[in-house]
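Residue numbers (the UniProt record's numbering): 1 to 321.
The C-beta atom is built at its ideal place from N, Cα and C for all residues, glycine as well.
Contents: one structure, followed by commentary.
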């Protein structure tokens, strides 16, 4: 039987990102002057203002809006915005300047205020759009798709959407969440690999989270789901296991030198962590002859870092026996 099946599609809403800007102030910074605490800009195209940290006051067309973490404002073309962030000890604001086609999201000249809940996912997309610097080609297409995903996510958060539209979006969001989870895990695995390569260097968990394009809290959650440990506990365990092997093969080495070689800059802190984790002091550890099993484990830790993070708790238990 011959069949000829055709499906026609209506033109979808389309969003083209023209510019993304970010304003930020870290907590503990000196109080801002009146001039520093005011931001003024004029939109040629449509805009989205997103507050991911702190609070701010917006004056738009004579109306005052109070914005807090999780607030989003959709602004029509031609809008002039006056932002006051004087009262916030720290803040982070994003402005997405975009051109739209077939946009069904409210009236073209309407300012829409709403809040969003999935903050880690949204913040990750915003940071990726901000930090990617591409002029064209396939990477530009990836950025374009990422921006469509971000806009659809915000559509979902907008409370005035029809229920049946939300159900349709739920299916797409579910698939994207699965893909994002995979991307998050891959990003965390890359930082774990970095730990194994640079365990002897000064390392900040907050910096690793930034490298993975995540908030520190979200990074810790994904890290623990993969390893069963917090990032700092994992890094400490890795350093202790490696130092134990170094002590065994270099019994004459000074504790300060051993501590420094595996990334501990305080030998007394290192001694306390070593005894707490292994149950013995470094002196007793030095007296033990290294066996071939520990040498094998050491080889795994140094050479097979992409695979070992799942096994590290077992390795720690094994070597402390």
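Just verifying my parser: in three-state terms, what is the DSSP assignment at residue i?
i, result
"residue 188", "helix"
"residue 21", "strand"
"residue 41", "strand"
"residue 10", "coil"
"residue 137", "helix"
"residue 5", "coil"
"residue 315", "With a pLDDT of 46 at residue 315, under the threshold of 50, the modelled position of this residue cannot be trusted; read the value that follows with caution. Of the three classes helix, strand and coil, the one that applies to residue 315 here is helix, per DSSP."
"residue 16", "strand"
"residue 291", "Note on residue 291: pLDDT 49, under 50, position unreliable in the model; the coordinate value appears next. Coil, per DSSP."
From residue i to residue j, what distance separates their C-alpha atoms?
i, j, result
"residue 55", "residue 195", "35 Å"
"residue 218", "residue 188", "10 Å"
"residue 228", "residue 70", "30 Å"
"residue 151", "residue 50", "12 Å"
"residue 295", "residue 89", "Residue placement at residue 295 is flagged as unreliable, the pLDDT there being 43, under the threshold of 50; the coordinate-derived value follows with that caveat. For residue 295 and residue 89, the distance between alpha carbons rounds to 51 Å."
"residue 117", "residue 156", "10 Å"
"residue 66", "residue 222", "33 Å"
"residue 257", "residue 190", "28 Å"
"residue 40", "residue 122", "24 Å"
"residue 10", "residue 238", "56 Å"
"residue 199", "residue 182", "25 Å"
"residue 84", "residue 140", "33 Å"
"residue 48", "residue 224", "34 Å"
"residue 91", "residue 79", "22 Å"
"residue 61", "residue 264", "56 Å"
"residue 240", "residue 77", "58 Å"
"residue 63", "residue 211", "39 Å"
"residue 130", "residue 255", "45 Å"
"residue 276", "residue 114", "50 Å"
"residue 24", "residue 197", "32 Å"
"residue 52", "residue 270", "38 Å"
"residue 111", "residue 119", "21 Å"
"residue 149", "residue 38", "31 Å"
"residue 234", "residue 253", "25 Å"
"residue 202", "residue 266", "12 Å"
"residue 226", "residue 128", "23 Å"
"residue 82", "residue 109", "18 Å"
Any chance the CB of residue i is under 7 Å from a heavy atom of the ligand ZN?
i, result
"residue 64", "As far as ligands go, the structure on display features none, and thus does not contain the ligand ZN."
Assuming residue i contacts residue j (C-beta within less than 8 Å), just tell me the rounded distance between them.
i, j, result
"residue 220", "residue 230", "6 Å"
"residue 214", "residue 184", "7 Å"
"residue 143", "residue 13", "Contact doesn't hold; Cβ gap of about 18 Å is too wide."
"residue 247", "residue 262", "No, residue 247 and residue 262 are not in contact; Cβ-Cβ is about 10 Å, not under 8 Å."
"residue 147", "residue 45", "Going by Cβ atoms, the distance from residue 147 to residue 45 rounds to 13 Å, so no, they are not a contact pair."
"residue 126", "residue 75", "The pair is not a contact, with the Cβ atoms about 16 Å apart (cut-off 8 Å)."
"residue 236", "residue 273", "6 Å"
"residue 204", "residue 72", "Residue 204 to residue 72, Cβ: 30 Å. No contact."
Output yes if chain B places a C-beta closer than 8 Å to the C-beta of residue i; else output no.
i, result
"residue 98", "In the displayed structure, chain B is absent; only one protein chain is listed."
Checklist entry - Unbroken beta strand (DSSP E) runs of length 3 or more, entirely within the stretch 58-127: which are they? => result 63-68, 71-75, 80-84, 91-101 and 112-115
Item to check | Ranges of the alpha helix (DSSP H) found wholly within the UniProt domain "HTH araC/xylS-type" (189-288), counting only runs of at least 4 | outcome: 205-211, 216-227, 231-249, 255-261, 267-278 and 282-287
Checklist entry - If we count Cβ pairs, one from each stretch, closer than 8 Å, do we get three or more for the stretch 53-68 versus the stretch 4-22? => result no
Item to check | Contact between the stretch 91-98 and the stretch 13-22 (3+ Cβ pairs under 8 Å) | outcome: yes
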